[in-house]
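The opening residue of the sequence shown carries number 20 in our numbering; numbering runs sequentially from there.
The C-beta atom is built at its ideal place from N, Cα and C for all residues, glycine as well.
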Amino acid sequence: MRWSLDTMLAENLKVDGGGLNIPDTREAMVRSSEDAIRRSFGGCGEECTLVDHHKFATDAVHPIEEAAFRSHLYRMYREKRAELEGGSTNSQRGNPENLLEAMVKSQLDAEAEAKLAGGDSKVAGLTESEIIGNMWTLIFAGHDTSANTLTFALAYLALYPEWQEELYAEVAACGDPNFGDMPKLPLCTAVCLEALRLRDKVLVTMKEATVDAIIPYTTWNSDGNVTQRTHLVKQGSIIAIEQTATQLNPHAWGQDNLNVNPHRHLHTTPPFVGFATGQRQCIGKRFAETEMTSFISGLCSKYIIKPVKIHPEESWLELKERLIHSAVEEITLRPGQFSLRLEER
């Protein structure tokens, strides 16, 4: 959790939260994670401080720190707006370089269009507070989910050490990876996707049908007899998609659907909905994949991950129950409390 927020903030807001103090892991792939953050919002000025930020998602933020962070977001927005209104080189680019620039340019365009149409540019587009709210969401929405996914991924790797050796071989063959080497690290990404499939963080996704649609679905009885059916979904209907059931459906994932097998993400395009699909899929999908691949590749290239037993006689099944099935459903599925040991290779 703490490392994920450190990564999100390190270049984005120039906040140094301490991070995960593992020697030599912030190498090329971690730097490309930081580059991805920089591209998301761009560099910004002075530091702000977050106290106990590793507990940010669950604990109330101290009013002073919350006010400082909010002030920093407003300053980022206003500085970028002044830069673009001043006709700098950035304002001449066809495509924004980061999300902040995209939001500011979109707002300026909306105001200009309203002014040309004879309307009030002050009420066009989004308000300043709405843009700040979007910035807040984009920064933190992926922090909690990525951190929890990485926690589950580490737990699975500790329980199934054979996957660690495959990961080590993949990273070693890649040498000193950077962002351009992402395609050379498919198993590192697949391990994270498999953890997300088995322990999906967002349990239910809500959608609204924009048109009438006929949806195919499958039912089966206790004897295993399968029936293909259809259902008419009318325009305007609200649909609750049970992502956990989708990710574990044996008709989509096979009879080994409950087994840990990252290879299932390598050679085909399975019905994976961990980031949703279509126009409304997670805007941070590629960032999350980069961040998690960076973390897993860096860690597994240097360390062996082992579970820490709470007593000498704790069995493997008891370990699995504690590491995997102690998760708590809150806003997202949050892992339980457990310890892992990193042994240097």
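Hey, could you find the ends of the alpha helix (DSSP H) residue i is sitting in?
i	result
K99	P82 to E104
I315	K304 to K321
P180	P180 -> no alpha helix (DSSP H), and no H or E assigned at all.
T208	P205 to L217
T238	Careful: T238 lies outside any alpha helix (DSSP H), inside the beta strand (DSSP E) at A232 to W239.
E132	L118 to L135
H270	P269 to W272
Roughly how far, in whole angstroms, is the beta-carbon of residue i from the beta-carbon of residue j, given that I think they are within contact range, below 8 Å?
i	j	result
A214	F171	4 Å
C319	L186	4 Å
T351	K220	4 Å
K134	E120	With 8 Å as the limit, K134 and E120 do not qualify as a contact, their Cβ atoms being about 21 Å apart.
Y96	E147	7 Å
G303	A160	7 Å
A307	S165	5 Å
State yes or no: is the C-beta of residue i within less than 9 Å of the C-beta of residue j?
i	j	result
A259	M225	yes
R364	K325	no
I343	A174	yes
T238	T246	yes
L222	T168	no
G255	E227	yes
P290	L212	no
Where do the ends of the beta strand (DSSP E) carrying residue i lie?
i	result
M225	V223 to E227
R360	L359 to E363
V245	V245 to V252
E333	Counting along the chain, E333 falls outside any beta strand (DSSP E), and DSSP gives it neither H nor E.
A259	I257 to E261
So, at 8 Å on beta carbons, what are the nonlocal neighbours of residue i in its own chain, with the 5 sequence-adjacent residues on each side left out?
i	result
K328	L338
L92	I151, M154 and W155
T312	M48, M201, L204, C207, T208 and C211
E132	A143
Q183	L176, C319, I323 and I324
N40	Any reading at N40 needs caution, since the residue's pLDDT is 37, under 50, leaving its predicted position unreliable; the model's value is listed next. Nothing listed; no residue qualifies.
A101	none
Rounding to the nearest angstrom, what Cα-Cα distance links residue i and residue j in this structure?
i	j	result
V123	I151	11 Å
I234	V292	17 Å
N244	Q274	15 Å
G355	G137	57 Å
L267	V279	11 Å
R362	Y322	The identity of residue 362 in the sequence shown is Glu, whereas the question assumes Arg. Cα-Cα distance, rounded: 5 Å.
L176	L217	13 Å
R353	E104	43 Å
L157	E332	44 Å
A29	D242	Because the pLDDT at A29 is just 45, under 50, the model does not fix this residue reliably, and the value given afterwards should be weighed accordingly. Cα to Cα, the separation comes out at about 55 Å.
P82	I315	35 Å
H330	S358	13 Å
S125	T265	36 Å
P115	R248	45 Å
K253	Y236	16 Å
E189	D231	46 Å
R94	L336	51 Å
A192	R283	21 Å
E340	S334	10 Å
E261	T287	23 Å
D128	E349	39 Å
D163	E149	22 Å
N240	E181	36 Å
P196	G106	38 Å
Relative to the ligand NAP, is the shortest distance from any of its heavy atoms to the C-beta of residue i smaller than 8 Å?
i	result
E337	Ligands are entirely absent from the displayed structure, and the ligand NAP is therefore not among its contents.
Enumerate in chain order the residues of its own chain whose CB-to-CB distance from residue i is below 7 Å, with the five nearest sequence positions on each side excluded.
i	result
P205	L285
Which same chain residues, not among the five before or five after residue i, have their C-beta less than 6 Å away from its C-beta?
i	result
V347	R353
L251	I233
F294	Q300, C301 and K304
P269	N276
I257	E227
S345	G355
A55	Annotation note: pLDDT 42 at A55 (below 50); position unreliable, coordinate value reported separately. Result list for A55: F306 and T309, in chain order.
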